[in-house]
Structures are given as structure tokens and as C-alpha cells.
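Going down the list, the protein sequences come from chains A and B. Per the numbering used here, the first sequence starts with residue 1, numbered consecutively. Per the numbering used here, the second sequence starts with residue 215, numbered consecutively. A quick write-up on the structure given underneath.
Protein chains: 2
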Amino acid sequence: MRLYDYFRSSAAYRVRIALNLKGVVPTERTFVHLRMGSQRAQDYLALNPQGLVPALELDDGRVLTQSLAIVEYLDETHPTPPLLPADAAGRARVRAIALNIACEIHPLNNLRVLNYLTGTLGTNDAQRNGWYKYWVDVGFEALERQLERDDDTGTFCHGETPTLADVCLVPQLANARRFKIDVSPYPTLVRIESACNALSAFAQAAPSRQPDAE
Amino acid sequence: MRLYDYFRSSAAYRVRIALNLKGVVPTERTFVHLRMGSQRAQDYLALNPQGLVPALELDDGRVLTQSLAIVEYLDETHPTPPLLPADAAGRARVRAIALNIACEIHPLNNLRVLNYLTGTLGTNDAQRNGWYKYWVDVGFEALERQLERDDDTGTFCHGETPTLADVCLVPQLANARRFKIDVSPYPTLVRIESACNALSAFAQAAPSRQPDAE
Numbered sequence: 001m002r003l004y005d006y007f008r009s010s011a012a013y014r015v016r017i018a019l020n021l022k023g024v025v026p027t028e029r030t031f032v033h034l035r036m037g038s039q040r041a042q043d044y045l046a047l048n049p050q051g052l053v054p055a056l057e058l059d060d061g062r063v064l065t066q067s068l069a070i071v072e073y074l075d076e077t078h079p080t081p082p083l084l085p086a087d088a089a090g091r092a093r094v095r096a097i098a099l100n101i102a103c104e105i106h107p108l109n110n111l112r113v114l115n116y117l118t119g120t121l122g123t124n125d126a127q128r129n130g131w132y133k134y135w136v137d138v139g140f141e142a143l144e145r146q147l148e149r150d151d152d153t154g155t156f157c158h159g160e161t162p163t164l165a166d167v168c169l170v171p172q173l174a175n176a177r178r179f180k181i182d183v184s185p186y187p188t189l190v191r192i193e194s195a196c197n198a199l200s201a202f203a204q205a206a207p208s209r210q211p212d213a214e
Numbered sequence: 215m216r217l218y219d220y221f222r223s224s225a226a227y228r229v230r231i232a233l234n235l236k237g238v239v240p241t242e243r244t245f246v247h248l249r250m251g252s253q254r255a256q257d258y259l260a261l262n263p264q265g266l267v268p269a270l271e272l273d274d275g276r277v278l279t280q281s282l283a284i285v286e287y288l289d290e291t292h293p294t295p296p297l298l299p300a301d302a303a304g305r306a307r308v309r310a311i312a313l314n315i316a317c318e319i320h321p322l323n324n325l326r327v328l329n330y331l332t333g334t335l336g337t338n339d340a341q342r343n344g345w346y347k348y349w350v351d352v353g354f355e356a357l358e359r360q361l362e363r364d365d366d367t368g369t370f371c372h373g374e375t376p377t378l379a380d381v382c383l384v385p386q387l388a389n390a391r392r393f394k395i396d397v398s399p400y401p402t403l404v405r406i407e408s409a410c411n412a413l414s415a416f417a418q419a420a421p422s423r424q425p426d427a428e
């Protein structure tokens with residue numbers, strides 16, 4: 001396996017956590033420098049027409065894309081430890097938490113969107129940072145309310161072992177901190193983040209621990 | 215079951231298609247008027263803290279949210295016809311196509327984001343429409359390249375039966391048409407859309423066919 005990775009991509013960060021939790025070490029890693037635009041290079045686009053990281057190249061040459069699809073693939077092909085609960089309703093809850101981050105927060109705040117805001121719409125720094133903070137706060141507020149109230153919430157987002165939901169939560173919190181967003185209104189999210197980062201699978205996946213970290 | 219629905223929500227549209235494909239008719243439907251802000255009403259927020267549609271209330275009172283999580287739940291609890299392929303790599307491909315729409319196009323173009331652009335950032339109509347078109351084109355171009363080239367593409371996004379990928383593609387194309395985006399550069403997407411809409415499960419889920427359509 002070869003992981004196409006970038007230390008600061010929170011989608012790649014999700015896959016790194018899942019690979020560590022599963023004990024799957026990809027044979028090789030290629031670092032795609034997003035700020036230098038390496039994801040738009042022809043050889044990378046041939047591999048992943050989306051021009052996004054991460055991508056996971058299997059030994060048979062197939063290339064998997066989209067972090068949540070990759071994590072589900074890893075969960076199906078390496079079932080232990082499971083990253084989704086055994087019951088359908090629990091699986092739906094975990095997937096919904098993951099999607100609340102992957103569909104409602106992250107897409108609005110990734111690099112290409114911020115570039116469009118400043119480049120095409122001409123927003124200033126305050127407007128750009130306001131945009132970033134607004135969508136994080138909207139998403140985290142809803143997530144905090146849900147996790148605080150649900151009986152299914154445990155040490156982790158769902159029960160006592162990490163799931164796909166935690167795999168998405170930790171990178172999003174790391175992003176929020178990098179943009180200096182006050183996360184103190186979200187004590188449940190922060191508590192779960194701490195429980196996750198106490199595990200080496202999470203800690204070793206952190207952006208600052210990657211070989212391409214700047 | 216009760217579906218919390220809105221005719222123009224493309225995320226709800228995905229769930230309507232899946233329910234029709236599975237032959238599951240929810241006992242009741244509640245229409246949440248997004249343009250009138252009904253999703254922010256306290257009783258709806260108590261049900262779904264995200265304040266988004268769709269939501270699917272099960273007979274035991276559990277409430278499922280996030281359209282892709284709901285569709286996966288329906289697929290697990292009503293396995294026939296399957297909306298995901300049997301093999302893990304095929305499942306990963308279908309999920310990635312769905313996520314390419316659900317994470318890379320739709321979140322940038324939904325109502326609350328467009329409202330932020332005009333309300334908070336003060337963009338004019340041309341800038342707002344330019345934003346909409348830009349993210350649809352970026353997403354559709356990548357998807358067209360992928361579907362056009364992959365051997366796994368068939369009558370539908372993946373093979374000869376509809377999957378989660380088609381469930382996401384058709385509503386996104388409907389949205390693009392509503393915003394008068396030229397979809398002729400995406401012949402593979404349009405061909406698949408036609409194949410889908412020839413099926414009553416897709417046709418009957420269309421926004422214009424819903425009781426709350428304006």
C-alpha cells in the first residue's frame with residue numbers, strides 16, 4: 001500500500017489515525033505538497049482526478065480516494081479493532097457524527113475554499129477568519145449538544161472504543177486550534193479529544209509528527 | 215418511520231430515492247420549510263441538534279441524521295436491492311463517488327452557505343452565482359473524468375444497478391440545472407442521470423413531485 005499524504009490535510013490525518021488503529025503500516029508514503037499545488041500535477045491527477053489528498057494505492061494498483069471511504073475500506077478488510085459499532089443504529093450514529101464533520105465543517109474551511117474567498121471574492125483577513133470560525137462554531141455547537149445529551153456517548157464519541165467519529169473529530173479540533181478558535185465552549189469534544197490523543201494511534205498521526213511537517 | 219423532509223433539499227432527495235429503491239414507505243412525513251427557517255425551531259432542534267434535513271425517526275424513537283448515514287442504515291436493514299457492491303474495493307469506489315458529491319460540491323452550495331455569502335460577506339448576485347457554478351464545475355469535471363475512464367462505470371455510476379453513488383448524483387444534477395448551469399460538458403454524468411430518472415424510484419423522488427413543492 002502507498003498513502004498519498006500531506007501533514008496538514010485533516011482528511012489525510014483521519015486516514016493516518018485509522019491505519020495506526022488497525023496496525024496497518026503502508027509500505028510507502030508519498031507526500032503531496034498542497035500549498036505548492038502538487039495535487040494539481042498531471043501525474044497526481046492521473047492517479048486521483050479529484051486532485052485531493054489522501055489517496056490510498058492498493059498493491060493491485062487500485063486507488064482509493066475520499067478519507068471516509070478509505071476508512072470504511074480499512075474497517076472492512078481489517079476488521080480488528082472495529083471502527084464502527086456492531087448494530088445498524090449505532091453505525092448510523094457514528095457515521096452521522098463523522099459526516100457532521102466531513103460534510104458540514106471541513107469542506108467549508110479547506111485550503112481551496114479559503115483561497116477562493118481571498119483570491120476571487122477579495123475578502124480580507126478578518127472576513128476569511130470570520131468565515132472559518134463561523135462554520136467551526138456552528139458545527140461544533142451542534143455536535144457538542146448531541147454528544148453531551150446522548151447516552152451512547154462514552155469515553156469516546158460512541159462508547160468505550162474509538163470509532164470513525166473520533167477519527168474525524170480529532171483532526172477537526174486540531175484544525176480549529178491551529179486557527180486559534182476558542183474550543184472551551186465544547187467541553188465534551190475536548191474531553192473526547194484528550195482521550196483519543198492519549199492513544200499512540202492518534203498521537204502518532206498528528207501533523208507535527210509527520211516527516212513532511214514544516 | 216417518519217421522514218423529516220423538504221422538497222428542495224438535495225440531501226433529503228437522496229433519502230427519498232433510497233427509500234423508493236428499497237420499497238420502504240415511511241409511515242409519515244413531516245415537511246420542514248428550510249426557506250422559512252423551520253429547521254431552527256426548538257422542537258426540530260430537539261429532534262436534530264444539527265438543524266438540518268433530512269432526519270429519519272425510527273419506530274423506537276431513535277432519530278437518524280445525515281443522508282449518507284441514513285442510506286447506509288437503510289441498506290443494512292433492508293438489504294434488497296443492495297445500494298453498495300459486494301466487494302470492498304467496489305464499495306470504496308461507490309462511497310468515494312458519493313462523498314465527492316456530498317463533501318466536495320453540496321456543502322459549498324447549500325442554502326445556509328449562500329445566505330452567509332450574501333448576508334455576511336455582502337456578495338452580489340453575480341459573485342454568488344459564480345461561487346455556485348465554480349464548485350459545481352470543479353466537482354463535476356473531476357467526476358466526469360473519473361466515471362468516463364473507469365471500467366467499473368456502467369449504465370449507472372457503478373455497474374448495471376443503482377447505488378449510493380447514483381443516489382447522490384441525481385439530486386446534485388437537479389440542483390445544477392435549477393441554477394441554470396450548463397451540464398453539457400459532463401456527458402457521462404448526464405447519461406447516468408437519464409438512466410436513473412427512467413426508474414420510478416428516482417422519478418418519484420424529484421422535488422417537483424413532492425407534496426410540499428412550491
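Beta carbons are placed, not taken as given, at the ideal position from N, Cα and C, and that holds for glycine.
Listed along chain B, the residues sitting closer than 8 Å to V113 of chain A by beta-carbon distance are L322. At a cut-off of 7 Å between C-beta atoms, Y287 of chain B counts as an interface residue with respect to chain A. Using a Cβ distance threshold of 7 Å, N234 of chain B and Q360 of chain B do not count as a contacting pair. In the three-state scheme derived from DSSP, where H, G and I count as helix and E and B as strand, V24 of chain A is classed as coil. Per DSSP, reduced to three states, the secondary structure at D219 of chain B is strand. Chain B has no Cβ within less than 7 Å of the Cβ of Q39 of chain A.
The three-state reading of DSSP puts F245 of chain B in strand, counting E and B together. Interface residue (Cβ-Cβ distance to chain A less than 7 Å): Q264 of chain B is classified as such.
Below the 7 Å Cβ cutoff, chain A contributes L121 as neighbours of T337 of chain B, in chain order. Pairing C196 of chain A with A206 of chain A, the inter-Cα distance amounts to about 11 Å. Shown here, E57 of chain A sits in a strand according to DSSP, grouped into three states. Pairing L298 of chain B with G119 of chain A, the inter-Cα distance amounts to about 39 Å. When Cβ-Cβ separations below 7 Å define contact, E76 of chain A makes contact with chain B. The Cβ atoms of G265 of chain B and L272 of chain B lie no closer than 7 Å to each other.
Closer than 9 Å at the C-beta level to chain A, one finds these residues of the stretch 232-262 of chain B: L259, N262. Under the DSSP definition of a beta bridge, T279 of chain B partners with B:A269. The Cβ atoms of A312 of chain B and L378 of chain B lie closer than 7 Å to each other. For Y346 of chain B, the enclosing alpha helix (DSSP H) begins and ends at 339-363. Contact check for A96 of chain A and Q280 of chain B: beta-carbon distance about 4 Å, within the 8 Å limit, so the pair qualifies. Under a criterion of Cβ atoms nearer than 7 Å, the residues of chain A adjacent to N314 of chain B are, in order, Q50, Q66.
Residue nearest to L143 of chain A within the set A:C103, A:R40, A:G122, A:L199 is A:C103 (criterion: CA-CA distance).
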